[in-house]
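Below is one structure, written out as structure tokens, with a few remarks after it.
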């Protein structure tokens, strides 16, 4: 009897809040599985211009960036334009390049008006390497998280996004808070 009670408690600790998935899906959200990258970061797979990559989800990053070292893979054969200078944790004064008109796909989430940004992420991947973790192709930031009205389900490792063209009427669920877009990376 005690074992059954403990098993129920263990299941409840990792159970999804009642109706969260159904409510979000009814509101036009799609669920994207996340995985742990090392011991502290959450990662997702996504496609930019048809190219698959592994990205860290970073609610503190002002924009989504792709490692400059992977630019030729993700740029779809097109030329990027200078995008100024970016600052963020681990670096400042970093040159950034932009590729407007890119296509972003994260699971069933689609954004065909995405601007890909390229930034040297050597410092990020060097830190992962020092801890024996794999390099990443980029970081998903507030530009995507806000546009997709992101909801993060940490216990179940799910990222919910709503497609930009999904209806957002009064009956649609919306997150109670959005990631800040004040910083940039």
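Numbering (mature numbering (1 follows the signal peptide of the UniProt record, and there is no 0)), first residue to last: -15 to -1, 1 to 170.
C-beta: ideal position from N, C-alpha, C; glycine also.
Three-state class that DSSP yields for residue i in the structure shown
i	result
residue 128	helix
residue 106	coil
residue 52	strand
residue 116	coil
residue 142	coil
residue 11	helix
residue 6	helix
residue 63	coil
residue 46	coil
residue 83	strand
residue 111	helix
Length of the line joining the Cα atoms of residue i and residue j
i	j	result
residue 239	residue 91	Since the first and last residues shown for the chain are -15 and 170, residue 239 lies out of range.
residue 13	residue 34	23 Å
residue 6	residue 24	25 Å
residue 107	residue 48	17 Å
residue 50	residue 8	30 Å
residue 4	residue 148	20 Å
residue 17	residue 64	30 Å
residue 101	residue 28	18 Å
residue 144	residue 22	15 Å
residue 97	residue 86	7 Å
residue 31	residue 56	15 Å
residue 88	residue 99	6 Å
residue 139	residue 150	26 Å
residue 20	residue 114	18 Å
residue 103	residue 15	26 Å
Beta-carbon separation (whole angstroms), residue i vs residue j, contact threshold 8 Å
i	j	result
residue 52	residue 110	7 Å
residue 94	residue 142	That belief does not hold up - the Cβ atoms of residue 94 and residue 142 are roughly 16 Å apart, past 8 Å.
residue 66	residue 125	Not really, about 22 Å apart at Cβ, beyond 8 Å.
residue 122	residue 38	3 Å
Check: residue i C-beta below 7 Å from any heavy atom of the ligand NAP
i	result
residue 53	As for the ligand NAP, it is missing from this structure, which has no ligand bound.
TODO: Decide if the region 130 to 148 is in contact with the region 113 to 121; the criterion is three or more beta carbon pairs, one per stretch, under 8 Å apart.
DONE: no
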